[in-house]
Each structure stands twice: as C-alpha cells, then as structure tokens.
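In the UniProt record's numbering, the protein residues as written are 1 to 259. Note that beta-carbon positions come from the ideal geometry of N, C-alpha and C, so glycine has one too.
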C-alpha cells in the first residue's frame with residue numbers, strides 16, 4: 001500500500017534502537033525524510049546510516065535525552081515544520097513505589113508525560129496551518145493493564161493519554177491526528193536480562209527466554225519492532241485521517257476486552 005507520505009518530514013524520538021527504530025525504518029520505507037534521536041551517539045549513527053543506505057532518504061541525527069529542553073530545541077531546529085511526530089522515550093525502571101521520592105517521580109513524569117506534551121505544543125499549530133499532521137505517542141499496554149513496579153511509568157503515560165485525548169478533537173478538522181500505540185511484549189532490549197552493551201545473546205538462551213515471555217500472549221510469540229513500526233507508519237499515512245484520539249494495543253491479543 002502506498003501510504004501517501006513520500007517526501008513528508010518526520011521527527012522520531014528515541015529512535016536509535018527498539019520501537020523507535022522500528023517506526024523510523026517504516027517511515028523511511030514510506031519515503032519520509034527523518035530526524036532521529038538517541039542518547040548513544042554510536043548507535044544513533046549506525047541506525048541513521050542504515051536508513052540512508054536502505055531507503056535513500058535524508059536523515060539528521062540529534063544526540064541526547066529528548067526530555068532535556070536543549071535536545072528538544074535541537075530536534076525542532078533540525079525540522080521546524082514536521083509533518084509527523086513520533087513521541088517515544090524510555091520509561092522509569094521497575095521499582096517498588098515505596099522507593100520513589102519526589103525527584104524520581106518528577107523525573108518519570110517529565111520523561112513520559114511532560115516531554116511529549118511540550119513537543120506536541122511546538123508542532124501542532126504548524127501542522128494545522130499546513131493542513132496535514134500525524135502525531136503518534138508510544139505509550140504502554142500498562143496504561144490499560146497496570147504492572148506493579150511500573151506504577152510511575154503507567155501513571156505518567158496514562159496522564160499523557162488523557163491530556164491529549166481532548167487536544168486530538170480540536171485539530172482533526174484540519175487533518176491533524178493524535179493517536180497512541182500501546183506496546184505489549186515486543187522483542188526489544190527492554191525484555192532482555194542485563195547484559196553488556198554489544199554482547200550478542202546466546203541463541204538457545206534467547207529462544208528459551210522468548211518462549212517463556214510469550215507463554216501468556218495469545219499470539220504465542222513476541223512482537224517485533226518491525227511490525228510495530230509498520231502500524232505506526234499506517235497511523236501516519238494519508239489513509240488514517242479519520243482516526244484520532246485512539247489507543248491501539250499492539251500486544252498479540254494480551255489485553256482482553258470486547259470493547
């Protein structure tokens with residue numbers, strides 16, 4: 001399917017690896033020029049080089065933590081009039097809520113709620129004026145199914161969801177949409193045990209880990225960043241202009257609900 005977004009400009013946050021990388025790859029395949037972002041300069045450069053080589057699109061790299069104001073400014077300076085914004089950022093680590101102090105709580109809320117809201121504020125009016133905009137927020141299935149120990153992540157992402165639900169309805173008439181993707185168990189580093197950076201996982205151990213992790217998923221497998229990215233690209237397409245303010249679980253059927 002031609003997504004109709006060839007030549008569009010996209011900012012994809014936290015896109016050097018994992019889910020963000022999957023989204024960047026799918027958007028590049030659709031013909032979008034990209035601004036990509038990540039904290040590790042070497043990993044980001046590797047991803048950017050692959051995007052250029054495989055898809056022939058323009059790719060600008062912005063290194064740093066997207067929750068920092070100076071990094072946000074650099075992203076927007078590199079692409080002041082984006083057609084597409086994919087909000088993504090790492091979440092707080094698994095931790096009993098009793099261990100959270102005010103500083104940690106504010107950091108988590110900044111990473112997973114305040115930062116995407118700030119970026120939406122920066123781009124939404126320009127999108128509306130130009131008559132095209134697609135904003136996709138990568139949140140988590142824990143917005144629907146809370147996970148003990150990820151309370152801060154769940155709370156911040158749920159806050160973002162509610163915050164933008166009303167905003168989404170104010171710009172749909174100008175062909176700007178805001179939707180959320182809720183990943184379940186996707187095969188990324190977040191599901192891997194602690195390991196040294198760049199160290200390959202033993203194939204047998206990886207297979208056993210994935211089987212165990214997928215045991216309670218109806219699909220009986222983990223999702224891939226690539227298929228996650230393709231769903232993101234469709235939400236950014238010209239075909240998704242009548243879809244806004246929605247939460248899309250990408251979870252192999254793990255979230256059980258008839259509605």
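DSSP beta-bridge partners of residue i
i	result
residue 61	36
residue 181	138, 248
residue 11	35, 85
residue 268	The shown model of the chain, from 1 to 259, leaves out residue 268, and the question about it has no answer.
residue 186	223
Residue i and residue j closer than 8 angstroms at C-beta
i	j	result
residue 172	residue 135	no
residue 185	residue 204	no
residue 256	residue 4	no
residue 16	residue 51	no
residue 181	residue 84	no
residue 250	residue 183	yes
residue 175	residue 241	yes
residue 78	residue 60	yes
residue 154	residue 143	yes
residue 9	residue 82	yes
residue 221	residue 253	no
residue 35	residue 75	yes
Residue range of the unbroken alpha helix (DSSP H) whose run includes residue i
i	result
residue 151	151-171
residue 97	No alpha helix (DSSP H) contains residue 97, which DSSP labels as neither H nor E.
residue 201	Residue 201 -> no alpha helix (DSSP H), and no H or E assigned at all.
residue 148	First-last for residue 148: undefined, no H or E at that position.
residue 23	18-29
residue 48	41-55
Integer-rounded CB distance, given that residue j should sit under 8 angstroms from residue i
i	j	result
residue 30	residue 233	5 angstroms
residue 38	residue 63	7 angstroms
Is there contact here, the region 105-125 with the region 41-61, by at least three beta-carbon pairs under 8 angstroms?
-> no
If we count Cβ pairs, one from each stretch, closer than 8 angstroms, do we get three or more for the region 22-29 versus the region 223-230?
-> yes
Between the region 216-225 and the region 159-174, are three or more C-beta pairs nearer than 8 angstroms?
-> no
Using 8 angstroms as the threshold, is the region 109-127 in touch with the region 65-74, meaning 3 or more CB pairs across them?
-> yes
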